[in-house]
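Enquirer: If you use the UniProt record's numbering, the sequence shown corresponds to residues 1 to 64, in order.
The beta-carbon is built from N, C-alpha and C at its ideal position, and this holds for glycine as well.
No experiment lies behind these values; they were computed from the predicted model shown.
Have a look at the structure that comes next, please.
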Amino acid sequence: MPTIHVELWEGRPLAARKQLIEELTETTTRVLGCSKASVQVILNEVKKENWGMGGELCSERFPD
1 MPTIHVELWE
11 GRPLAARKQL
21 IEELTETTTR
31 VLGCSKASVQ
41 VILNEVKKEN
51 WGMGGELCSE
61 RFPD
């Protein structure tokens with residue numbers, strides 16, 4: 001049973017998150033030959049203030 005964990009910044013629209021889950025599931029079933037029902041996708045939304053890149057907070061590096 002494939003499980004895909006995705007970490008991303010919070011705030012993406014529900015429709016975009018739904019599409020991401022659908023497309024990751026479709027690609028996984030095609031590549032691995034497993035059933036859709038066996039694929040799990042877990043989205044973990046993280047605040048930019050809790051994510052760092054290059055020694056900086058993403059909330060400062062990429063302000064809204």
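Taking the CB atoms as reference points, tell me whether K18 and T25 lie closer together than 8 Å.
Expert: Contact: no.
Enquirer: So, is T28 buried or exposed, given that buried needs 16 or more other C-beta atoms within 10 angstroms?
Expert: Answer is buried; the Cβ neighbour count reaches 16.
Enquirer: List, from N- to C-terminal side, the beta strand (DSSP E) runs of 3 residues or more that fit wholly inside the UniProt domain "4-oxalocrotonate tautomerase-like" (2–60).
Expert: DSSP runs (the beta strand (DSSP E)) wholly in the UniProt domain "4-oxalocrotonate tautomerase-like" (2–60): 3–9, 40–46.
Enquirer: According to the Cβ coordinates, are M1 and S38 closer than 8 Å?
Expert: A contact, by the Cβ cut-off of 8 Å.
Enquirer: When you compare the CB positions of I4 and V41, do they come within less than 8 Å of one another, or not?
Expert: Yes, they are a contact pair.
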